[in-house]
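Structure first, commentary second.
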Amino acid sequence: MRPRVGLMQVLGVLVAASCALIAGVMILGAGRAMRAAPIADAPIDWADAAGWFGWTLLVAVGIGVIATAMALPAAWASRRMGAWWWAILCAPLMLPQYLIYASWGLLREPGTRLGATLEGAPTWVWQWAGYAQALGGLALWAMPIGAVIVGSAARRIDREALDALRMSGAGAIRRWRAQIGMVMPAILTSVCVVSMIMFGSAIPLHLARVQTYAVVVWRRVNESGWSPGAWMLALPLILIAAAAGVFMARRLIRACRLVASPGVERDLSGGRGSVVAAWLIWGMAVIVPTAVFASHGGVWHAITRIPAVFGDAIANSSVTALLVASGSAMIAIGTAAGMIAQSRWVRRLTLAGVYGWIVMAVVPGVLVGGALASAERWPGLAWLPDRMVLVMAHLARFGGVGAILGVLAHAVESEPLRDARRMLSGGGLVAWWRSAGRLQAGLILAAPVAGFALSLHEIEATVIAAPPGPGNLAEALLAKLHYLRDDELSAMGLALLASGILLGVIAGAMSTRSLRALRRGAPIALLAIAIFVIPACGRRDPEVALPIEVKAQFGGLKEKLQLVYPRCIDTDGKNLWIIDKSGWVSCATLDGEPVARWKLPNVEKGYPVGVTAGPDGLIYIADTHQHRVDVYRPTDDSAELVRTIGELGEGDGQFIYPTDVVIVPASDGVTPERIYVSEYGGNDRVSAFDADGAFLFSFGHAPDRAADGDVVLSRPQSMVFDSRRRELIVADAVDHRLGRFTLDGELIAWIGLADQTPGVGAGAFRYPYGLAMREDGSVAVAEYGGCRVQIIDPGTGEGLGIYGTAGRGEGQLVSPWGVAAVGRDLFVLDSGNNRVIRFRPERASVSSEGTGVASR
908 MRPRVGLMQV LGVLVAASCA LIAGVMILGA GRAMRAAPIA DAPIDWADAA
958 GWFGWTLLVA VGIGVIATAM ALPAAWASRR MGAWWWAILC APLMLPQYLI
1008 YASWGLLREP GTRLGATLEG APTWVWQWAG YAQALGGLAL WAMPIGAVIV
1058 GSAARRIDRE ALDALRMSGA GAIRRWRAQI GMVMPAILTS VCVVSMIMFG
1108 SAIPLHLARV QTYAVVVWRR VNESGWSPGA WMLALPLILI AAAAGVFMAR
1158 RLIRACRLVA SPGVERDLSG GRGSVVAAWL IWGMAVIVPT AVFASHGGVW
1208 HAITRIPAVF GDAIANSSVT ALLVASGSAM IAIGTAAGMI AQSRWVRRLT
1258 LAGVYGWIVM AVVPGVLVGG ALASAERWPG LAWLPDRMVL VMAHLARFGG
1308 VGAILGVLAH AVESEPLRDA RRMLSGGGLV AWWRSAGRLQ AGLILAAPVA
1358 GFALSLHEIE ATVIAAPPGP GNLAEALLAK LHYLRDDELS AMGLALLASG
1408 ILLGVIAGAM STRSLRALRR GAPIALLAIA IFVIPACGRR DPEVALPIEV
1458 KAQFGGLKEK LQLVYPRCID TDGKNLWIID KSGWVSCATL DGEPVARWKL
1508 PNVEKGYPVG VTAGPDGLIY IADTHQHRVD VYRPTDDSAE LVRTIGELGE
1558 GDGQFIYPTD VVIVPASDGV TPERIYVSEY GGNDRVSAFD ADGAFLFSFG
1608 HAPDRAADGD VVLSRPQSMV FDSRRRELIV ADAVDHRLGR FTLDGELIAW
1658 IGLADQTPGV GAGAFRYPYG LAMREDGSVA VAEYGGCRVQ IIDPGTGEGL
1708 GIYGTAGRGE GQLVSPWGVA AVGRDLFVLD SGNNRVIRFR PERASVSSEG
1758 TGVASR
């Protein structure tokens, strides 16, 4: 008799259908991205790509070997430890991949004992110390994966076989070799699984300054958009992910069945050394980072600022994470239901869905985010809320966790018990829930807890697929790491560690508890979630924004003026000068017609973020990652390098990461009288030079290097010269304020919120990146984090108008990096949309509520 189609069959089919839906949208997005890419696509240097491929494989396998070696004590300890051991052991997986090695980085920063030791060492020692920090930190994060895989085999070792070796007179080394041989397939599986996860990792390794093949693909995307060449370069990653995903699925499903089976009796004799070693390694992953963050100067004050600094990001991420948690729960329920369905084709379809989810989990996050972000622009998906694209990206990354927990829930119910249930109560969903389902509820509910935690700090897909707006926790943490805001990073790191441990324990404990026991543990789960929710209840400023009435819009990937994420802009009054993230310098008319274009040399380390059209007809480029200022003389279709100013260093006239250049003209209006250069990365200051490039003086200090009474700057991103007042205005980006300074570097006043936190009201800022002086004496401010342009009266700090909202439609902005002014018109870099928008703001009477002007 054919089995009746019921809810269990439907749930099983939905597991495969939802997987196929997201995969289909990704394929659609990849196709649309290639069609929308620039016409000119540079050829691929396959020899160079092969070199990066081999290096990446070496790094990934190295992390896999280290993680598996670290996992062996925990795997052996599992033979004598209870189920709670797995719950605590998996806590590092609930943390961002980069958080562990970021904490170690604080131990070697300037001013510490280790930092002072390494500072005097050769360059290669510093470089390899960074590699060790990155590989060790990522291996500690992945260690629980290896422990689960190897532990599932170690628990199957027969104690009688070990007793037989002892009775035969075998020594400790021989017995150890015999045990290693018994679990060698699991050890190799662990190395392969961790290696494949790390092989496609781009951002965590990039942050640790370990360049990989995935980073090469990412750089190609930055230079050409999602062109056919970029996807062709990514093809090896996709093929490896497909093969590795199938391999991982088979091994993980087998491990689930081994873990769920009765197995052999636990070996409670001996093995105390492995338990001690396992706790020490776990402490390096959790306790040491906690101690480092807690001991960092200023962290306890920064904790009180978490609601103001991270509140919006936590709120946005929590909403996304809750949706991902719901999806993870449905995947787990559907997998468990589908795999015990009476219909064979439903069971096979569900199993295919499990394989699909695991394969998608191995695909590099930057490719997942890029494909889905491109698909979002398809008119057929216009009905989808912006957040749902990010939710789909996170489910593609972590849906495999729910699928595996569903497989484990299915494996817990043995075949005889399943047959008995069907005979006594039937094969429907209600009968399953009343019997086995209540006992397996912990495994099912562990899926949303894990999905929630993993979604909160997912960074790979988030940086590309996140909707425009205030941001999210992953991007906020990335910004603090990038801007070297160690106190705020340490404060949020402590909160993440505490919540990660709680969520890891809850997820692991749930997997071994019945429904009745889960009810008793509900308060602990609520406490863990509250750590994220309470900081989100921070200040909310009233937002007043006027629409941008677009006069002209130009740029893009297939326009005559091709722009790929433009990051700096200036004007000489007749033309615009723009540099984008592909390293091209473009000169265009005010109507967007190309005039000249040339490629900057030596952009492998990064791209400039500042350009200035000098009154002397020269172009001054803050060549950020070359640690200098390049001065060019434009020609008909290119430019000639005239000279450079500065070099790498922390001394007078040296730079770390220069961001902008301002020219103060002499009385003739043409010859430079002074040249001001802003920088960040540790110096965080503004340096003044004479017309010949000779150093005069500097002002400003990074927060961790400032003494009482010093002017503190955190990434002075942009500057502008106020000729009416003979003042210099500096965008102190990470402190969310503007500073007014005399030409000798004396502070006049700050403009912005007095507590240096982001705001949305008039006169408050969220990462002010671009500045432009207008003809009426007001200042236009492009807010990278606020996705808007604000007009400010520099004399009073009053907000005169806010323009633009976050989005991809006409007149909307995504992460604007810069702004230029010609007459009454503004030209704003809509960086996230690869374009320039020209509009004419009008003076507006808006509330000055939230404005703060703090004098020194």
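Last residue of the sequence shown? That's 1763 in the working numbering, and every number before it is there in order.
Quick reminder that beta carbons are idealized off the backbone N, C-alpha and C, glycines included.
The structure displayed is predicted, hence computed values, not measured ones.
Buried or exposed for residue i, going by 16 or more other Cβ atoms inside 10 Å?
{"i": "K1481", "result": "exposed"}
{"i": "F1461", "result": "buried"}
{"i": "E1749", "result": "exposed"}
{"i": "D955", "result": "exposed"}
{"i": "D1498", "result": "exposed"}
{"i": "K1387", "result": "buried"}
{"i": "A924", "result": "exposed"}
{"i": "D952", "result": "exposed"}
What does DSSP give as the partner residues of residue i in its beta bridges?
{"i": "P1623", "result": "D1639"}
{"i": "E1586", "result": "P1565 and R1592"}
{"i": "D1597", "result": "Note: D1597 sits in no beta bridge, so no partner."}
{"i": "S1493", "result": "I1485 and R1504"}
{"i": "T1519", "result": "Y1527"}
{"i": "P1029", "result": "Partner(s): none; P1029 has no beta bridge."}
{"i": "G1677", "result": "A1689"}
{"i": "Q1460", "result": "I1744"}
{"i": "H1846", "result": "Residue 1846 lies beyond the range of the chain shown here (908 to 1763); nothing can be said about it."}
{"i": "G1708", "result": "I1698"}
Whole angstroms is fine: what's the gap from residue i's alpha carbon to residue j's?
{"i": "V920", "j": "R1474", "result": "46 Å"}
{"i": "F867", "j": "L1525", "result": "Any property of residue 867 remains undetermined from this structure, which presents the chain solely from 908 to 1763."}
{"i": "A1061", "j": "P1286", "result": "53 Å"}
{"i": "R1504", "j": "V1518", "result": "14 Å"}
{"i": "L1142", "j": "Y1005", "result": "26 Å"}
{"i": "A1368", "j": "I1160", "result": "26 Å"}
{"i": "A1671", "j": "V1584", "result": "25 Å"}
{"i": "A1278", "j": "W959", "result": "23 Å"}
{"i": "G1556", "j": "H1608", "result": "15 Å"}
{"i": "V1627", "j": "A1638", "result": "9 Å"}
{"i": "V1275", "j": "L1146", "result": "14 Å"}
{"i": "T975", "j": "P1565", "result": "42 Å"}
{"i": "L1805", "j": "V1098", "result": "Since the first and last residues shown for the chain are 908 and 1763, residue 1805 lies out of range."}
{"i": "D1611", "j": "P1665", "result": "20 Å"}
{"i": "S1421", "j": "A1353", "result": "Unreliable positioning characterises S1421 in this predicted model, as indicated by a pLDDT of 48, which lies under 50. The coordinate reading is nonetheless provided below. Cα to Cα, the separation comes out at about 12 Å."}
{"i": "A1282", "j": "A1373", "result": "13 Å"}
{"i": "A1316", "j": "Q1469", "result": "53 Å"}
{"i": "L1121", "j": "V1510", "result": "The identity of residue 1121 in the sequence shown is Ala, whereas the question assumes Leu. The alpha-carbon atoms of A1121 and V1510 are separated by roughly 18 Å."}
{"i": "A1546", "j": "V1502", "result": "12 Å"}
{"i": "P1111", "j": "A1028", "result": "26 Å"}
Using a Cβ-Cβ cut-off of 7 Å (strictly less than) and excluding sequence neighbours within five positions of residue i, which residues of its own chain qualify?
{"i": "L918", "result": "I1240, G1241, A1244 and G1245"}
{"i": "K1488", "result": "N1129, V1471, Y1472, R1474 and Y1514"}
{"i": "P1051", "result": "L996, C997, P999 and L1000"}
{"i": "D1537", "result": "I1528, D1530, L1548 and T1551"}
{"i": "E1554", "result": "H1534, R1535 and Q1561"}
{"i": "V1314", "result": "I1160, C1163, T1242, M1246 and V1261"}
{"i": "D1479", "result": "A1520"}
{"i": "V1193", "result": "A998, P999, L1404 and I1408"}
{"i": "L1014", "result": "L1021 and V1199"}
{"i": "W1125", "result": "A1109 and V1273"}
Please work out which residues of its chain come closer than 6 Å, Cβ to Cβ, to residue i, disregarding the five sequence neighbours upstream and downstream, and give them in chain order.
{"i": "G1234", "result": "L1302"}
{"i": "S1102", "result": "A967, V968 and G971"}
{"i": "A1679", "result": "A1687, V1726, A1727 and A1728"}
{"i": "I1188", "result": "M977"}
Where do the N-terminal and C-terminal ends of the alpha helix (DSSP H) with residue i fall, by residue?
{"i": "G1693", "result": "Per DSSP, G1693 belongs to no alpha helix (DSSP H) and is neither H nor E."}
{"i": "E1283", "result": "G1272 to E1283"}
{"i": "L1312", "result": "D1293 to V1319"}
{"i": "R1540", "result": "Counting along the chain, R1540 falls outside any alpha helix (DSSP H), though it belongs to the beta strand (DSSP E) covering R1535 to P1541."}
{"i": "D955", "result": "W953 to A984"}
{"i": "G1659", "result": "It is not in any alpha helix (DSSP H) - G1659 instead sits in the beta strand (DSSP E) that spans L1654 to G1659."}
{"i": "R1647", "result": "Counting along the chain, R1647 falls outside any alpha helix (DSSP H), though it belongs to the beta strand (DSSP E) covering R1644 to T1649."}
Should residue i be flagged as near chain C, meaning a C-beta pair shorter than 8 Å?
{"i": "A1222", "result": "Structure shown: chain C not included; a single protein chain is present."}
Would you give the residue range spanned by the beta strand (DSSP E) that residue i belongs to?
{"i": "T1478", "result": "P1473 to T1478"}
{"i": "M1191", "result": "Note, M1191: premise wrong, no beta strand (DSSP E); alpha helix (DSSP H) at R1179 to A1192."}
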